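Visitor: Got a structure here, written out as structure tokens. Questions coming.
Protein chains: 2
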Amino acid sequence: MAPRTIDDAALTDAVAKVFSRHGYAGASINLLSEATGLGRASLYHRFPGGKDEMVDAIVDRAHERYEKALAPAFADGDPLERAKQVAKGIDEYYDGGTQSCLMVALSVSDADNRTTAGRCLDSWADALSNIARDAGMTPKQADAAAMDVVAAIEGGMVIAVTSGKTDAYKRAIKSLPKRLTSSG
Amino acid sequence: MAPRTIDDAALTDAVAKVFSRHGYAGASINLLSEATGLGRASLYHRFPGGKDEMVDAIVDRAHERYEKALAPAFADGDPLERAKQVAKGIDEYYDGGTQSCLMVALSVSDADNRTTAGRCLDSWADALSNIARDAGMTPKQADAAAMDVVAAIEGGMVIAVTSGKTDAYKRAIKSLPKRLTSSG
DNA sequence: GTCTATACGACGATAGAC
DNA sequence: GTCTATCGTCGTATAGAC
């Protein structure tokens with residue numbers, strides 16, 4: 032009857048923002064209701080499984096976007112150019128470091144959510160490592176460089192969220208191509 | 032009458048561990064009671080202000096430890112040597128990256144806790160920047176290098192908590208002296 | 001599909017006995 | 001100083017009207 036006042040994508044994004052900022056425990060149904068414009072009961076209609084199902088939907092959507100942003104990592108062509116494309120995609124996904132990171136938020140939660148975040152960060156690092164290997168690094172070097180880049184970006188976002196300074200995040204994004212393509 | 036079953040320092044540390052792992056909202060009085068071995072009411076006797084006062088005590092103690100670990104940054108002597116001492120102190124504080132970071136946990140919370148964490152990370156970066164300036168960097172370079180080091184360590188801990196891999200954290204600690212003392 | 005109303009448990013916090 | 005018992009609130013989740 033009543034028209035769907037907010038489509039699935041926008042709903043999931045709005046929910047994701049609340050979880051990212053307040054964490055799993057801090058994301059109360061009231062907050063989610065305010066953020067989405069939906070009544071509490073309507074939220075349960077869209078996510079019958081409650082908060083757990085919301086997290087599943089959020090993570091699925093995040094994974095989808097990660098894959099899109101990281102696609103150049105598995106393409107052919109110049110590693111440096113692919114790294115630049117990936118950096119651009121990641122920066123767009125994180126909106127210039129102004130958003131809280133969902134993975135960080137899930138890391139401050141129970142074991143299930145932590146391992147979920149771990150898998151996301153792992154697949155992210157895997158993609159970056161692929162570029163680094165194509166650039167001539169040994170698998171070991173590539174994995175290390177990729178993980179360090181992920182850490183720099185995640186840490187940059189922690190700083191951005193707490194102090195408002197996005198410098199570290201921006202430098203992490205900007206230095207990504209060089210760090211993945213130059214050994215040492 | 033009844034002897035104090037847990038002293039202030041141990042109590043604050045136990046409480047800090049719960050807040051670090053579960054975040055502010057996730058740190059329920061029940062969890063804190065289990066972790067400390069104190070009844071719920073006893074917790075309120077020790078922290079009459081409830082969870083807010085616990086966070087204050089935790090942050091105070093963290094600040095105290097930070098200052099101790101960062102003291103070499105403001106001492107005299109060879110910058111590289113001081114950087115190594117600081118790296119050792121930070122690594123000991125974070126127990127080799129096996130612990131969740133309180134600052135990350137506070138970053139996934141309300142505005143007050145976020146800014147508190149921001150101030151801690153800022154003063155940390157300030158101390159590291161002092162070493163970098165002594166090593167010959169311009170203030171701007173030094174601030175950037177220091178903030179990047181903080182980001183690398185914080186990000187390394189996020190990865191460690193989510194995936195169990197402490198490599199990135201360990202590399203961040205190990206590379207700290209070099210990153211603060213060599214321009215580039 | 002969204003709403004109002006409500007059940008019910010968990011949570012933060014307090015009172016008072018020991 | 002710690003405990004048991006309890007209050008009020010807020011949380012998640014559901015039922016039923018529209």
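Top to bottom, those sequences are chains A and B. Under my numbering, the first sequence has 77 at position 46, and the numbering climbs by one with no breaks. Under my numbering, the second sequence has 111 at position 80, and the numbering climbs by one with no breaks. Quick reminder that beta carbons are idealized off the backbone N, C-alpha and C, glycines included. What you are looking at is a predicted structure, and each value in this text was computed from that prediction instead of being measured.
#1: Straight-line CA distance for Ser140 (chain B) to Ser64 (chain B)?
#2: Interface residues of chain B around Val90 (chain A) at Cβ under 8 Å?
#3: Nearest by alpha-carbon distance to Ile162 (chain A): which of A:Gly54, A:Asp87, A:Pro103 and A:Cys151 is it?
#4: With a Cβ-Cβ cutoff of 8 Å, do His76 (chain B) and Leu62 (chain B) count as a contact?
#5: For Leu211 (chain B), name the three-state secondary structure that DSSP assigns.
#6: Can you look up Gln172 (chain A) in the DSSP assignment and give me helix, strand or coil?
#7: Between Lys115 (chain B) and Ala47 (chain B), what straight-line distance do the alpha-carbon atoms span, to the nearest angstrom?
#8: Taking Arg202 (chain A) as the query, report the chain B residues whose CB atoms sit under 9 Å from its CB, ordered along the chain.
#9: Check whether chain A comes within 8 Å of Leu152 (chain B), counting only Cβ atoms and requiring the distance to be less than that.
#10: Relative to the C-alpha of Ala173 (chain A), which residue among A:Asp198, A:Asn144 and A:Pro110 is closest?
#11: Where does Ile204 (chain A) fall in DSSP's three states?
#12: Between the beta-carbon of Ser138 (chain B) and the beta-carbon of Thr193 (chain A), is there less than 8 Å?
#13: Pick helix, strand or coil for Thr36 (chain A), following the three-state DSSP scheme.
#14: Report back the beta-carbon spacing between Ala72 (chain B) and Ala45 (chain B) to the nearest angstrom; my notes put them in contact at under 8 Å.
#15: Below 8 Å, how does it come out for the segment 173-188 of chain A and the segment 200-209 of chain A: are there three or more Cβ pairs, yes or no?
#16: For Val139 (chain B), name the three-state secondary structure that DSSP assigns.
#17: Below 9 Å between beta carbons is the criterion; list the residues of the segment 92-108 of chain B that meet it against any residue of chain A, in chain order.
#18: Any idea what DSSP makes of Ala124 (chain B), helix, strand or coil?
#19: What is the residue span of the alpha helix (DSSP H) that Thr67 (chain B) lies within?
#20: Return the first residue and the last residue of the alpha helix (DSSP H) that Lys196 (chain B) is part of.
#21: Whole angstroms are fine: how far does the CA of Gly127 (chain B) sit from the CA of Ala178 (chain A)?
#22: Does DSSP put Cys132 (chain B) in a helix, a strand or coil?
#23: Closest to Asp157 (chain A) by CA distance: which of A:Lys82, A:Tyr97, A:Tyr55 and A:Ala88 is it?
#24: Could you run through the segment 147-171 of chain A and flag, in chain order, every residue whose CB is less than 9 Å away from some CB of chain B?
#25: Are Gly80 (chain B) and Lys99 (chain B) touching if we call contact CB-CB under 8 Å?
#26: Measure the CB-CB distance between Gly187 (chain B) and Ala199 (chain B) and report whether it falls below 8 Å.
#27: Mark Thr147 (chain A) as exposed unless 16 or more other C-beta atoms lie within 10 angstroms of its C-beta, in which case mark it buried.
#28: Start and end of the alpha helix (DSSP H) containing Asp107 (chain B)?
#29: Measuring only between beta-carbons, confirm whether Glu65 (chain A) sits less than 8 Å from chain B.
#30: Excluding sequence positions up to five away, which residues of its chain have a Cβ less than 7 Å from the Cβ of Pro208 (chain A)?
#31: Just reading off the alpha helix (DSSP H) that Gly72 (chain A) is part of, what are its end residues?
#32: Quick one, are the C-beta atoms of Leu159 (chain A) and Met134 (chain A) less than 8 Å apart?
#33: If you draw a straight line from the alpha carbon of Asp38 (chain B) to that of Met85 (chain B), how long is it in whole angstroms?
#34: According to a CB-to-CB cut-off of less than 8 Å, which residues of the segment 124-136 of chain B neighbour chain A?
#35: Given a threshold of 16 other Cβ atoms within 10 Å of its Cβ, counted over all protein chains shown, does Arg35 (chain B) qualify as buried or as exposed?
Guide: Judging by the given coordinates:
#1: What you label residue 140 (chain B) is simply residue 109 of the second sequence in a count that begins at 1. What you label residue 64 (chain B) is simply residue 33 of the second sequence in a count that begins at 1. Roughly 21 Å separates the two Cα atoms.
#2: As a working mapping, residue 90 (chain A) is identified with position 59 in the first sequence. Correct list: empty, because the minimum Cβ distance to chain B is about 12 Å.
#3: Looking up residue 162 (chain A) in the first sequence gives position 131. Nearest option by C-alpha distance: A:Pro103.
#4: Position 45 of the second sequence, counted from the first residue, corresponds to residue 76 (chain B). Position 31 of the second sequence, counted from the first residue, corresponds to residue 62 (chain B). Not in contact: His76 (chain B) and Leu62 (chain B) (Cβ atoms no closer than 8 Å).
#5: Locating residue 211 (chain B) in the second sequence gives position 180, counting from the first residue. In the structure shown, the three-state DSSP call for Leu211 (chain B) is helix.
#6: Sequence index remark: in the first sequence, residue 172 (chain A) carries index 141 (1-based). Looking at Gln172 (chain A) - three-state DSSP - the assignment turns out to be helix.
#7: Counting from one through the second sequence, the residue named residue 115 (chain B) turns up at place 84. Counting from one through the second sequence, the residue named residue 47 (chain B) turns up at place 16. Computed Cα separation, rounded: 27 Å.
#8: Taking the first sequence and counting its residues from 1, the one referred to as residue 202 (chain A) is at position 171. Close to Arg202 (chain A), with beta-carbon spacing below 9 Å, are these residues of chain B in chain order: Ala175, Met178, Asp179 and Ala182.
#9: In the second sequence, residue 152 (chain B) corresponds to position 121, counting from 1. Cβ-Cβ to chain A under 8 Å: yes for Leu152 (chain B).
#10: Within the first sequence, numbered from 1, the residue matching residue 173 (chain A) stands at position 142. If we check each option's Cα against that of Ala173 (chain A), A:Pro110 comes out closest.
#11: Counting from one through the first sequence, the residue named residue 204 (chain A) turns up at place 173. Ile204 (chain A): helix per DSSP, three-state reduction.
#12: Counting from 1 along the second sequence, the entry for residue 138 (chain B) is found at position 107. Counting from 1 along the first sequence, the entry for residue 193 (chain A) is found at position 162. Yes, Cβ-Cβ distance for Ser138 (chain B) and Thr193 (chain A) is below 8 Å.
#13: To locate residue 36 (chain A), count along the first sequence from 1; it is residue 5. Residue state, collapsed to three classes: coil.
#14: By one-based count along the second sequence, residue 72 (chain B) stands at place 41. By one-based count along the second sequence, residue 45 (chain B) stands at place 14. The pair is not a contact, with the Cβ atoms about 17 Å apart (cut-off 8 Å).
#15: Yes: at least three Cβ pairs fall under 8 Å.
#16: Sequence index remark: in the second sequence, residue 139 (chain B) carries index 108 (1-based). If DSSP states are grouped into helix, strand and coil, Val139 (chain B) belongs with coil.
#17: none
#18: Mapped onto the second sequence, residue 124 (chain B) falls at position 93. Sequence inspection shows Tyr at residue 124 (chain B); the Ala mentioned does not correspond to that position. Taken through DSSP and simplified to helix, strand or coil, Tyr124 (chain B) comes out as helix.
#19: Translated into positions along the second sequence, residue 67 (chain B) becomes position 36. Element bounds for Thr67 (chain B): Ile60 to Thr67.
#20: To locate residue 196 (chain B), count along the second sequence from 1; it is residue 165. Note, Lys196 (chain B): premise wrong, no alpha helix (DSSP H); not H, not E.
#21: The residue you call residue 178 (chain A) lines up with position 147 of the first sequence. The residue you call residue 127 (chain B) lines up with position 96 of the second sequence. At residue 178 (chain A) the sequence reads Met, which differs from the Ala that was named. Approximately 17 Å between the Cα atoms of the pair.
#22: Residue mapping note: residue 132 (chain B) aligns to position 101 of the second sequence, counting from 1. DSSP places Cys132 (chain B) in coil when its eight states are reduced to three.
#23: The residue given as residue 157 (chain A) occupies position 126 in the first sequence. Across the set A:Lys82, A:Tyr97, A:Tyr55 and A:Ala88, the C-alpha of A:Tyr97 shows the shortest separation from the C-alpha of Asp157 (chain A).
#24: Thr147, Ala148, Gly149, Arg150, Cys151, Leu152, Asp153 and Ala156
#25: Stepping through the second sequence from its first residue, residue 80 (chain B) is reached at position 49. Stepping through the second sequence from its first residue, residue 99 (chain B) is reached at position 68. Not closer than 8 Å, so no.
#26: Your numbering for residue 187 (chain B) matches position 156 in the second sequence. Your numbering for residue 199 (chain B) matches position 168 in the second sequence. The beta carbons of Gly187 (chain B) and Ala199 (chain B) sit closer together than 8 Å.
#27: Position 116 of the first sequence, counted from the start, is the residue given in the question as residue 147 (chain A). Thr147 (chain A) comes out buried.
#28: Numbered from 1 along the second sequence, position 76 holds the residue referred to as residue 107 (chain B). First-last for Asp107 (chain B): undefined, no H or E at that position.
#29: As a first step, residue 65 (chain A) is located in the first sequence; it is residue number 34 there, counting from the start. So no, Glu65 (chain A) is outside the interface.
#30: The residue labelled residue 208 (chain A) in the question sits at position 177 within the first sequence. Closer than 7 Å at the Cβ level, and outside the excluded window around Pro208 (chain A), lie Leu111, Ala114, Lys115 and Ala118.
#31: The sequence position of residue 72 (chain A) within the first sequence is 41, counting from 1. Residue identity check: residue 72 (chain A) is Ala in the sequence provided, not Gly. Where Ala72 (chain A) is concerned, the enclosing alpha helix (DSSP H) stretches over Arg71 to Arg77.
#32: In the first sequence, residue 159 (chain A) corresponds to position 128, counting from 1. In the first sequence, residue 134 (chain A) corresponds to position 103, counting from 1. It is not a contact, given that the beta carbons lie outside the stated cut-off.
#33: Residue numbering aside, residue 38 (chain B) sits at position 7 when the second sequence is read from its first letter. Residue numbering aside, residue 85 (chain B) sits at position 54 when the second sequence is read from its first letter. Cα to Cα, Asp38 (chain B) sits roughly 14 Å from Met85 (chain B).
#34: Ser131, Met134, Val135 and Ala136
#35: Translated into the one-based positions of the second sequence, residue 35 (chain B) becomes position 4. Arg35 (chain B) is exposed by the Cβ-count criterion.
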